[in-house]
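Inspection log for the structure reproduced underneath, given as structure tokens.
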Amino acid sequence: MNIKQKLELWQNNNLISAEQKQNILSFENKKSNNFAEFALLTISAVCFGIGLISIIAANWDKLSDTFKLIGYFALSIAISYGIYTTVINKANYKITEALLLLYAFDILAGIGLISQIYNLSSDSLSWALLWSILIIPLIFLSKTPILAFFWFYAFPISLFDCLKEIEFINHWIDLILDYIPENPALWLITAIYFYASCFFKQENKMFEGLRAWVYILLPSIFMALYTDFPAGSEKSVDWGQWSILGLCLALSVGFYYMPKAKEFRGTSIFLGIFALFNIITNLIFVYAPAPQNMYQGNHTIYTLTQHFFSLAVLLTMLFRTIQLKRLNWAKIALAMVAIDIFVIYVDYSQTLLSTGLSMIGCSLVFLGLAYATSRGIKLINKYKD
Amino acid sequence: MKLNKDNKLIFVLLFPMLILLLWVGYVSWLTYVGKTVKLPGSGYDPRDLLSGKYILLKIDWEKADCKQFYDNICPQEEFEKVYRYYAPEDETQTMEKSINTDSPEITMEFTYKRGKMPILKEIYFDNKVWKDYQKADK
């Protein structure tokens with residue numbers, strides 16, 4: 003039942019007046035319009051951040067190292083100043099949030115730049131660990147769970163990876179990691195996260211970030227499994243993958259009927275849909291009878307199609323959830339759009355400089371859309387008045 | 004001193020930059036105070052999207068001149084197993100080709116200070132800075 007239906011029901015039962023209903027509706031409308039603008043600004047910040055990383059990664063040798071460093075710190079100061087002024091002036095929170103996300107990307111780009119200039123090497127994911135430590139203050143400044151979500155993704159993985167460098171710990175981590183990736187244990191850990199976020203009310207943004215992490219973890223594992231899957235290979239039945247999909251469906255049904263987790267029913271439906279989607283694509287692309295040479299050289303097309311398909315689905319989900327004023331779902335869709343853009347970039351970018359410039363171009367388009375949305379809403383409201 | 008809200012905000016925003024600046028300062032200091040050592044290496048070219056394209060290099064300790072170090076002993080444990088040398092994107096293909104087709108003798112130049120992390124400064128192909136080697140090769 004959406005908010006409009008609920009309000010009608012309340013009005014019909016004389017719980018609220020027509021005027022109160024109208025006030026609530028216009029308040030809710032304003033909230034979702036704000037979120038649409040916020041979503042566009044966030045996608046714009048993600049594209050800009052990726053563009054920045056790409057341009058730095060292209061390692062343009064026409065600029066000296068000192069110039070690159072000065073340029074980098076000048077940009078960081080400009081972004082921080084932007085955050086400072088929006089926070090102090092209590093300006094539009096959407097701009098602050100987009101700038102915080104951009105700053106987080108900027109810090110990542112800085113780590114890359116310093117490693118590049120000084121040829122720093124590391125066998126582990128220490129750069130990701132450093133990044134997740136440096137963005138902690140920004141998480142506490144943020145009012146949305148997006149940065150917390152990134153943190154939950156980067157911190158445990160990089161910490162595990164860095165601890166592996168300590169010989170004693172390495173032995174135990176190897177044992178665990180050898181066991182987990184294609185094993186139900188991973189799904190049990192996921193289940194624990196679910197229970198944790200059930201018992202601790204998700205008012206806290208860290209737990210919202212944690213919950214989003216669960217949402218993203220599952221699809222990204224599917225993606226990893228299927229994009230690495232050699233389409234048209236001789237492998238006929240991969241029981242590991244099928245058992246993961248089966249377990250996922252089982253978890254989905256389990257969560258749906260779990261009495262403690264009524265509010266997670268949406269999550270379980272989401273899980274189920276994702277598992278079914280993957281089962282269907284698996285059947286179509288891998289097991290469907292087809293000419294022998296159909297998949298030869300088509301692996302990129304297959305994965306790219308799947309990525310763009312998922313991006314289209316996620317953007318539709320974002321649009322619909324905003325329209326239906328389901329803002330918690332919209333937040334999740336937004337985080338997934340951001341991740342999908344990043345995954346497509348990592349998998350398919352060609353030359354770094356051109357990718358960087360195109361990403362910054364995309365960012366400006368989204369920024370323009372955000373501005374147009376904000377102006378459009380103001381004009382509509384003015385017209386209504 | 005009690006920090007007011009504004010100062011806390013400034014600190015939160017400057018914290019990542021300060022850490023990165025300290026890191027830059029420390030690595031620059033190491034390159035300044037360390038002595039230059041040259042070690043033979045071998046490598047190949049993968050790709051890293053965060054920091055750009057780089058060549059992976061391994062030190063060939065069997066051919067290394069240990070007289071460059073204190074007590075004429077090669078401190079192998081102080082060096083990484085594999086090093087990255089970041090090159091401009093448009094030059095890495097020719098670089099990779101040079102390594103694969105010409106198989107030049109690769110030398111890695113480090114700044115080294117005992118007990119500290121060695122920093123890879125430059126690489127040489129057949130005793131020429133790799134850029135000069137590629138220009139000559141063209």
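Chains G and U are the protein sequences, given in the same order. For the first sequence, the numbering used here assigns the number 3 to the initial residue and increments by one for each residue that follows. For the second sequence, the numbering used here assigns the number 4 to the initial residue and increments by one for each residue that follows. Yeah, the Cβ is synthetic: ideal placement off N, Cα and C, and Gly gets one too.
Using the DSSP secondary-structure output, state which residues sit across from residue 132 (chain U) in a beta bridge. Answer is U:127, bridged to residue 132 (chain U).
Continuous alpha helix (DSSP H) stretch holding residue 79 (chain G): start and end: DSSP places residue 79 (chain G) in the uninterrupted alpha helix (DSSP H) bounded by 67-90.
I need the DSSP call for residue 111 (chain U), collapsed to helix, strand or coil. Three-state result, residue 111 (chain U): strand.
If we cut at 7 Å on Cβ distances, does residue 57 (chain G) have a partner in chain U? No, because no Cβ of chain U sits closer than 7 Å to the Cβ of residue 57 (chain G).
Classification of residue 331 (chain G) by the beta-carbon crowding that lies within 10 angstroms, buried from 16 upward: Looking at its Cβ environment, which holds 16 or more other Cβ atoms inside 10 Å, residue 331 (chain G) is buried.
Would you grab the beta carbon distance between residue 47 (chain G) and residue 336 (chain G) for me? Rounded to a whole angstrom, and I think it's under 8 Å. A Cβ-Cβ distance of about 11 Å is found for the pair residue 47 (chain G) and residue 336 (chain G), leaving them out of contact under the 8 Å criterion.
Starting from the Cα of residue 100 (chain G), find the closest Cα among G:51, G:145, G:44, G:120 and give me that residue. Distances from the alpha-carbon of residue 100 (chain G) to those of G:51, G:145, G:44, G:120 put G:44 closest.
I'd like to confirm the pairing. Which residues does DSSP put opposite residue 43 (chain U) in its beta bridges? Answer by DSSP bridge pairing, in chain order: U:110.
Residue 136 (chain U) to residue 356 (chain G) span [Cα, whole Å]: Roughly 27 Å between the two C-alpha positions.
Would you call the region 95-110 of chain G and the region 63-81 of chain G touching, i.e. three or more CB-CB distances under 8 Å? Of all C-beta pairs linking the region 95-110 of chain G to the region 63-81 of chain G, three or more are shorter than 8 Å, placing the two stretches in contact.
Report the rounded CA-to-CA distance for residue 99 (chain U) versus residue 105 (chain U), giving the unit in angstroms. Rounded to whole angstroms, the gap between the alpha carbons of residue 99 (chain U) and residue 105 (chain U) is 10 Å.
Is the number of C-beta pairs between the region 113-127 of chain G and the region 18-38 of chain U that are closer than 8 Å three or more? The region 18-38 of chain U and the region 113-127 of chain G touch, with three or more beta-carbon pairs separated by less than 8 Å.
List the residues of chain U that residue 126 (chain G) touches, going by C-beta distances under 8 Å, in chain order. The contacting residues do not exist; residue 126 (chain G) stays about 11 Å from chain U at best.
Would a C-beta distance cut-off of 7 Å place residue 63 (chain U) and residue 43 (chain U) closer than the cut-off? Against a cut-off of 7 Å, the Cβ pair of residue 43 (chain U) and residue 63 (chain U) comes out as a contact.
Reduced DSSP secondary structure (H/G/I, E/B, other) of residue 62 (chain U): Note: residue 62 (chain U) maps to strand in three-state DSSP.
Strand pairing of residue 315 (chain G), partner residues [DSSP]: Paired residues: none, contrary to the question.
Classify residue 61 (chain G) as buried or exposed, calling it buried when 16 or more other Cβ atoms lie within 10 Å of its own Cβ. Burial call: buried.
In the DSSP assignment, the beta strand (DSSP E) including residue 86 (chain U) goes from what residue to what residue? Annotation: the continuous beta strand (DSSP E) that includes residue 86 (chain U) extends over 85-89.
Quick one, which of G:111, G:9, G:70, G:23 has its alpha-carbon nearest residue 391 (chain G)'s? This structure cannot speak to residue 391 (chain G), because chain G is shown only from 3 to 387.
Under 7 Å between C-beta atoms of residue 86 (chain U) and residue 57 (chain U): With respect to the 7 Å criterion, residue 86 (chain U) and residue 57 (chain U) are not classified as neighbours on the basis of their beta carbons.
Under 7 Å Cβ-Cβ, which residues of chain U neighbour residue 143 (chain G)? Ordered by position in chain U, the residues that pass the 7 Å Cβ test against residue 143 (chain G) are 15.
Bridge partners - residue 122 (chain U), DSSP secondary structure assignment: DSSP lists U:114 as partners of residue 122 (chain U).
DSSP on residue 8 (chain G), reduced to helix/strand/coil? Three-state DSSP puts residue 8 (chain G) in a helix.
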